[in-house]
Every structure is written in C-alpha cells, then in structure tokens.
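Per the numbering used here, the very first residue in the sequence shown carries number 9; after that it's consecutive.
The beta-carbon is built from N, C-alpha and C at its ideal position, and this holds for glycine as well.
So the structure is just underneath, and the comments pick up after that.
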Amino acid sequence: MMSSWSQFLIAATLVLVRISGAMVFVPFLSSASIPNQIKVGFTLVLTWLLAPIAASLPGAHPQLGMVSVLSELTTGLIFGLSLALLMEILGFAGQVLGFQFSFSLVNVLDPNSSVDTPLLSQFLQLIGVLVILAAGLDRTLLAALMRTFTVVPVGTAWLSPHTSMTLVGMASGIFSAGVQLAAPVLGATLLVELAVNLVGRLSPQLPVLFVGIPLKTLVGYMVLIGSLGIWPRYIEAHFDTLLNQAMHLVVASRRA
C-alpha cells in the first residue's frame, strides 16, 4: 500500500509539472484575465484525474529526479509554445494592419505580457480566442494535452537539439503567416495609395496628404470587415496545423 501510494505521488508530481508547463503558454488557458486560483485549481484537478492513468500506461517509468522533472517541464513548455504561436501570428498581423491604418502609435497595455501592444493586435487576438471557444478547440486542446501522456509516457520525456531547432523554425513562420492574414487589406490600401498619388501627379493642387490617409483607412476597414468571414476557417486551420506540429515535437522528445 505504501509503495503504490508513493508511486502515485511521484507520477502525480511529474504529471503536474508537464501540465503546468503547458498551461503557461497555451491559448486562452494562459490568459491573465483568468484568476490564478482558478488556473491552479484546474491544474490540480487535471493532475488528480490523470495521474493514476498516466502511471499505469505501458512504458511509463515514473521516477522523481532533477532530470525527469526538467524533461516533463520541457515537454509541457514545447506543447504550449507551439500553440501560442497562433496568438503571435494574429498579433503580428495586427501590427502590420496598424501601420496601414496609421495606428502605429495607438497602443494599449497587454495584460498577458504587461507591455504596450497595438490596438489591432489586441483586437485580432480577441477574435482568435473567440473562434477557439466557439469552435470547441479548447476541448480539442485539452484532449491533445491528455494524449501526450500516451505518446510520451511519464518519465520517458527528453529534450533533443532537433526539437529545439524545429520550434525555432516554427516561430520564424509567424511573419509569413501574419502577412498572409493581412494580405487583403495590404493589397487594398496599396492600390488606394497608388491611385491617390497618381491623381496627385495629375492634379498638384489636390491635398494628397489630407485625402490619402482617411481614404486608405476607410477602404482598409471595409476590406477588413469583408474578410472577417474567412478568418474563422483560417484560425481553425492554423490551430490544427500547430496542434499537429506540437504533437510531433512531443513525440520527438521521447527518450529512445
């Protein structure tokens, strides 16, 4: 009885460390708007429910030590960081759109990072969270987090250099994905700028500066509102892609 109880405590500690690492970065669950007491309680409940299952899975080797704790923490962080890239993509797209709308100085305090963030970045990230909740992707995220204990049993996680470099390569895709998301507005505002400058060349007395900025902002908002219909599919597709890549990274972190 004492041996089984000690094994349960070891397995629960490792499960708690992995879940805690993921909870730091995963979308919505890592939001600063959720009280820390709720986060801690939710993490403890998940740990209590998953620890007996994780300890009894084939290949599980719960053994408490510095290496095992760091490995479990790294596995959770890799899982959370991979999914957090979705919010970074939306934030970068908002920064690009802010420049096009002449909102480069309109910043608000981001409660998650405690730094000034462009207003449109906050807006797009809120849309991303709304899509995640409306589409039920939060439940998919939790199911994938639980599945990590199947593909990488407790005590078998290990950080490899290949996993770290793959995560860095995924982070570099933030820029291309953000530009793709902002592409309709970028194209429309670019055409407005070309048209206004062309008219200004033909009619020098036209106040290009006072006409171009409001017109570009108005057209950009119209295109942005019109393109919001395709955003849910875009966000769901990228969430699914990042989730699959996160699972591949977690599998790659399993000790041979």
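Give the DSSP bridge partners of residue i, in chain order.
i, result
"Arg-262", "Ala-165"
Report yes if the C-beta distance between residue i and residue j is below 9 Å; otherwise report no.
i, j, result
"Gly-99", "Gln-45", "no"
"Ala-152", "Ser-129", "no"
"Gly-195", "Leu-105", "no"
"Thr-55", "Ala-165", "no"
"Gly-220", "Val-200", "yes"
"Ser-261", "Val-193", "no"
"Ile-86", "Val-258", "yes"
"Pro-70", "Val-162", "yes"
"Val-77", "Leu-22", "yes"
"Val-207", "Lys-224", "no"
"Ala-190", "Gln-108", "yes"
"Leu-52", "Ile-18", "no"
"Phe-16", "Pro-43", "no"
"Ser-79", "Leu-167", "yes"
Give the secondary structure of residue i by DSSP, where H, G and I count as helix, E and B as strand, and everything else as coil.
i, result
"Pro-192", "helix"
"Pro-60", "helix"
"Pro-126", "strand"
"Gly-73", "coil"
"Ile-42", "coil"
"Ala-179", "helix"
"Met-10", "Confidence in Met-10 is poor, its pLDDT being 35 and thus under 50, which makes the residue's placement unreliable; the coordinate value appears in the next sentence. If DSSP states are grouped into helix, strand and coil, Met-10 belongs with the helices."
"Phe-100", "helix"
"Pro-240", "helix"
Please go through the same chain and pick out, in chain order, the residues whose beta-carbon is closer than 7 Å to the beta-carbon of residue i, but skip the five residues on each side of it.
i, result
"Met-154", "Leu-58"
"Leu-89", "Phe-33 and Leu-175"
"Thr-158", "Leu-65"
Could you name the residues of the same chain whose beta carbon sits closer than 8 Å to that of residue i, not counting the 5 residues immediately before and after it, in chain order?
i, result
"Leu-94", "Pro-35, Gly-136, Ile-243, His-246, Phe-247 and Leu-250"
Excluding five sequence neighbours on each side, which residues of the same chain lie with their C-beta closer than 6 Å to the C-beta of residue i?
i, result
"Gly-84", "Arg-26, Gly-29 and Ala-30"
"Ala-92", "Phe-33"
Consider the Cβ of residue i: report whether some Cβ of chain D lies at a distance smaller than 9 Å.
i, result
"Leu-202", "Any reference to chain D falls outside this structure, which holds one protein chain only."
Taking three-plus beta-carbon pairs below 8 Å as touching, is the segment 143 to 151 in contact with the segment 62 to 75?
no
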